[in-house]
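J.:
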Amino acid sequence: MAVNLKSPNLGPRVSIIDHEGNLLSRFGDPHASLGPTGFIGPHGMCADSRGDLYVGEVSWTLWPGAFPGEPRPENIRCFRKFEKVH
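In terms of the numbering used here, the sequence shown opens at residue 1 and continues consecutively.
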């Protein structure tokens with residue numbers, strides 16, 4: 001949402017919390033980004049039996065609000081896998 005674009009702690013990131021709500025980890029840039037650590041609109045996440053994370057994004061839909069006036073990239077990301085590092 002456009003109202004969240006510049007608000008602290010509401011950026012397009014993934015936060016990992018424990019059962020008591022304590023922040024364990026957070027990844028993603030503070031603001032919408034196409035960079036290697038950035039997200040535009042993370043929307044859903046799941047983990048597999050190995051602990052790898054899969055994140056779905058609504059990048060296509062959110063692009064105009066996140067980057068007004070900029071053309072949407074042809075190969076915009078919508079799904080990513082993050083492998084667990086041991």
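Glycine included, every Cβ here is placed at the ideal spot set by N, Cα and C.
Determine the burial state of A47: buried for a count of at least 16 other Cβ atoms within 10 Å of its Cβ, exposed for fewer.
T.: exposed
J.: Give me the Cα-Cα distance between E20 and R26, rounded to the nearest whole angstrom.
T.: 16 Å
J.: Which residues mark the beginning and the end of the beta strand (DSSP E) in which G44 is found?
T.: 42-47
J.: I need the boundaries of the alpha helix (DSSP H) containing L62, first residue and last residue.
T.: 59-66
J.: Straight-line CA distance for D52 to S15?
T.: 15 Å
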